[in-house]
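Below is one structure, written out as structure tokens; the observations come after it.
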Amino acid sequence: MPASSSSLIDAYITYLRVEKGRSEHTCDAYQRDVERMASWCGVADRQLVEVTAQDLHSFTASLAMSALASSSVGRILSALRGFYSWLLSESLIAEDPCAQLVTRSAISRLPKAISVPEVLALLESAGGRGHESIDLRDRALVEFLYATGARISEAVAVDVDDIDNEDASVVLRGKGGKQRRVPVGSHARAAIDAWLVRGRTEMNGTASPALFLSSRGGRMSRQSGCEIVQRAANRAMLPMAVSPHTLRHSFATHLLDGGADIRVVQELLGHASVQTTQIYTLVTVDRLREVYASAHPRSR
109 MPASSSSLID
119 AYITYLRVEK
129 GRSEHTCDAY
139 QRDVERMASW
149 CGVADRQLVE
159 VTAQDLHSFT
169 ASLAMSALAS
179 SSVGRILSAL
189 RGFYSWLLSE
199 SLIAEDPCAQ
209 LVTRSAISRL
219 PKAISVPEVL
229 ALLESAGGRG
239 HESIDLRDRA
249 LVEFLYATGA
259 RISEAVAVDV
269 DDIDNEDASV
279 VLRGKGGKQR
289 RVPVGSHARA
299 AIDAWLVRGR
309 TEMNGTASPA
319 LFLSSRGGRM
329 SRQSGCEIVQ
339 RAANRAMLPM
349 AVSPHTLRHS
359 FATHLLDGGA
369 DIRVVQELLG
379 HASVQTTQIY
389 TLVTVDRLRE
399 VYASAHPRSR
């Protein structure tokens, strides 16, 4: 460990012991935790005071791949937050790289992404209410949500004219009025075309610009969209509650599992900061670790 890193850690531990009155047990644990970060920085050819938010994300991902218990990972992140908050208070760094650090609790609050086979079962179960127009609409909505990763509020706000068939894309209006254009896959386009040609006009669709209509011919509400997804999940007999946001999380997770660049996923989701999108990479790393632990003969 570089002398500068060692001296910074010693000064931080002295601060915890003397000024904050932390116990020796806590001080010893925090020292080990920050030294773990310092060792990682040495491998990455970085200094502790040079660490960026992206560096911390990479370090957190490495923790997720380790055999550490989630409680140990949480303590390490807590130690790092305290350390970098102290560096900032001492004017030793210009900004706190932990300010947007993704936490394990944030990951645990995410709806669980469903698997690709479960998504396919959900899509096959959309509709089934015995009314062709409604069934076509329900299937088109569920296909659209998974194909685009749209929020339900964005999906119900889409107008027919927002769909570009030549470009196979759609304009979504996200938070803060920001617009983005995202691709629409062939399965979703086929479902939308079937809805437009065979279903929408029967629901008085000529008077509304909305792509997805209510049974009365007006724009579909967010609540109705949520009910459509949950109804499909129930028909598919999925073992968990499924919402439009579950499909959005599944969309992001499946893209990253398939090797998509995080910046591309950020644009598709309409996230203002890549820090928000990075939470999905940690979810993916966790899944890889679970597979490794269960499949590798010498993983334990």
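One rule links them: number in the working numbering = place in the sequence shown (from 1) + 108. In this text, a Cβ means the ideal position worked out from N, Cα and C, and glycines have one as well. It should be emphasised that the depicted structure is a prediction, and the values quoted were computed from it without experimental measurement.
| message | Cutting at 8 Å between CB atoms, please list the residues of its own chain near Q338, excluding the five before and the five after it. | response | These residues qualify, in order along the chain: A349, V350, S351.
Residue environment, T354, which counts as buried when at least 16 other CB atoms sit within 10 Å = The residue is buried, with at least 16 neighbouring Cβ atoms inside 10 Å.
Please list the terminal residues of the continuous beta strand (DSSP E) segment that includes S316. No beta strand (DSSP E) holds S316; DSSP gives it neither H nor E.
- Query: Just to confirm, are D243 and G307 a CB contact at a threshold of 9 Å?
  - Reply: Cβ distance < 9 Å, so D243 and G307 count as in contact.
*Would you mind stating whether L231 and A340 have Cβ atoms separated by less than 9 Å?*
Against a cut-off of 9 Å, the Cβ pair of A340 and L231 comes out as a contact.
In terms of residues, what are the limits of the alpha helix (DSSP H) holding S147? Counted as a single uninterrupted DSSP element, the alpha helix (DSSP H) harbouring S147 occupies residues 132-151.
**Request:** Check the C-beta distance from L319 over to D272 and give it rounded, since I have them as a contact under 8 Å.
**Result:** Going by Cβ atoms, the distance from L319 to D272 rounds to 12 Å, so no, they are not a contact pair.
query = Secondary structure at L116, three-state DSSP: helix, strand or coil?
reply = Here L116 sits in helix by DSSP.
Query raised in the report: Shortest alpha-carbon distance to Y192 belongs to which of V290, S322, Y120?
Result: Of V290, S322, Y120, the residue nearest in Cα terms is Y120.
Open item on the list: From the DSSP secondary-structure annotation, give me the bridge partner or partners of R281.
Closed with: DSSP lists Q287 as partners of R281.
Legend entry - Exposure label - M109; buried when at least 16 CB within 10 Å: Only weak support exists for where M109 lies, its pLDDT of 48 falling under 50; the coordinates are left without a value.
Check: Beta-carbon separation of V264 and S277 under 9 Å?
Finding: Between V264 and S277, the CB-CB gap reaches or exceeds 9 Å.
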